[in-house]
Amino acid sequence: MRHQIHDLLAPLPGTVRQIHSFHFGSPSAKGKIYIQSSLHADELPGMLVAWHLKQRLAELEAAGRLRSEIVLVPVANPVGLEQVLMDVPLGRYELESGQNFNRWFVDLSEEVGNEIEGLLGDDPQRNLELIRGCLRKALARQTAGTQLQSQRLTLQRLACDADMVLDLHCDFEAVAHLYTTPEAWPQVEPLARYIGSEASLLATDSGGQSFDECFTLLWWQLKERFGEQFEIPLGSFSVTVELRGQGDVNHPLASLDSQALIDYLIHFGAIAGEPAPLPELPYPATPLAGVEPVATPVGGLLVFTALPGEYLEAGQLIAEVIDPINDRVTPVHCTAAGLMYARSLRRMATAGMVIAHVAGTEAYRSGYLLSP
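The following block contains the structure:
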């Protein structure tokens with residue numbers, strides 16, 4: 002195992018922060034897997050899973066079972082990890098800019114496309130290596146003007162040439178679920194089975210240039226641009242894995258999830274061994290555009306009547322919002338049928354606040370599909 006330290010741009014003297022990456026297996030091995038956790042710094046289940054995974058990968062490396070290089074970044078957001086205000090962690094948005102830590106990673110598809118134009122050929126493997134090389138060089142040319150940009154670039158440079166990118170997150174109160182693309186779903190479905198994903202949400206471009214999509218979108222856009230003339234493989238697929246809710250930080254769950262990731266990497270071929278039997282898929286994959294963000298029209302005390310993981314019929318009651326001054330009770334219902342996979346941690350709602358997400362089967366939204 003090789004431990005690498007990556008200094009971020011310091012916003013002030015004496016405030017240098019670092020990204021630590023742990024590299025298992027040989028860089029010359031066939032294939033590369035990249036796994037990071039807690040890009041939203043207040044989402045900690047993945048960090049504990051990464052700690053368990055680090056121990057397991059060291060054992061597997063010592064046993065000679067790693068077929069691919071596996072890069073692990075357990076703390077992907079040291080900037081956000083330090084943002085604690087009056088005992089409340091604020092790890093989703095950078096306080097200086099107000100930007101979501103998991104948005105606006107640099108888009109280099111046009112720059113890379115312009116560089117490879119005229120160099121592509123009939124060999125898809127050569128095209129893949131050409132694109133990866135150009136992407137590495139393009140990222141190396143980028144300069145960061147802020148600490149946040151420096152952190153984003155560091156993570157992109159670490160993951161840009163990986164065959165698979167796993168970004169470990171969690172929701173507020175939730176069951177296990179994941180986000181990936183329709184193109185990647187055949188490769189990702191075994192992962193959904195192993196981790197018990199109760200909602201698997203698919204979109205090619207959900208908007209916002211999140212970490213997972215900054216890789217898959219580049220390959221998809223190059224395929225759209227050159228695919229009629231040259232064979233452009235999808236050289237990377239990415240998955241955002243949501244490991245239940247923010248409070249689900251405990252060893253039994255982390256051990257279970259770590260084993261699920263090991264089972265998937267064995268199934269994928271990155272680790273030698275006999276793949277574990279595939280469990281049943283709890284709920285079929287559905288379009289991200291079919292997710293209903295259920296909002297309350299009024300503010301007040303939020304009392305849920307439905308649990309994460311519960312299948313809801315169209316029009317079913319999700320919660321009541323109570324005004325304790327005038328005694329008004331406002332029921333909040335979902336519009337379409339689907340699985341409620343996540344709900345808010347807050348119990349005092351404001352008017353217009355999204356309180357839950359329900360995965361429906363029919364796409365009806367377009368444009369920006371993510372939460373802010």
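Mapped onto the working numbering, the consecutive letters of the sequence shown carry residue numbers 2 to 373. We put the CB at the ideal spot given by N, CA and C, even for glycine.
Inset, instruction - Could you please give the first and the last residue of the uninterrupted beta strand (DSSP E) stretch that includes T362? - result: Segment: none, T362 is in no beta strand (DSSP E) and carries neither H nor E.
Inset, instruction - Within its chain, find whatever has a CB closer than 6 Å to the CB of A42; leave out the 5 residues flanking it on each side and keep chain order. - result: N78, G81, L82, G92
Inset, instruction - Please go through the same chain and pick out, in chain order, the residues whose beta-carbon is closer than 7 Å to the beta-carbon of S207, but skip the five residues on each side of it. - result: E214, L289, L370, L371
Legend entry - Chain-order list of residues whose beta-carbon lies under 8 Å from that of D108 (same chain, five-residue window excluded): Q210, C215, L218, L219
Inset, instruction - Assign Y265 to one of three DSSP states: helix, strand, or coil. - result: helix
Legend entry - G236 to G301 span [Cα, whole Å]: 48 Å
Legend entry - When T147, W105, D168 are compared against P46, the one with the closest alpha-carbon: D168
Legend entry - Proximity of L136 and L154 at Cβ, strictly below 8 Å: no
Legend entry - C-beta contact flag for M341 and A315 at 8 Å: no
Legend entry - Continuous beta strand (DSSP E) assignments of at least 3 residues falling wholly in the segment 109 to 161: none
Inset, instruction - Mind the definition here: the segment 188 to 198 touches the segment 248 to 268 only if three or more C-beta pairs lie below 8 Å; say whether that holds. - result: yes
Legend entry - Length at least 4, wholly inside the segment 2 to 49: the alpha helix (DSSP H) runs in chain order: none
Inset, instruction - Check whether the segment 326 to 341 touches the segment 353 to 361, taking contact to mean three or more Cβ pairs, one atom from each stretch, closer than 8 Å. - result: yes
Legend entry - Three-state class that DSSP yields for V107 in the structure shown: coil
Inset, instruction - Mark P75 as exposed unless 16 or more other C-beta atoms lie within 10 angstroms of its C-beta, in which case mark it buried. - result: buried
Inset, instruction - Select from P283, L129, Y35 the residue whose C-alpha is nearest the C-alpha of Q157. - result: Y35
Legend entry - Where the beta strand (DSSP E) containing P294 begins and where it ends: 292 to 296
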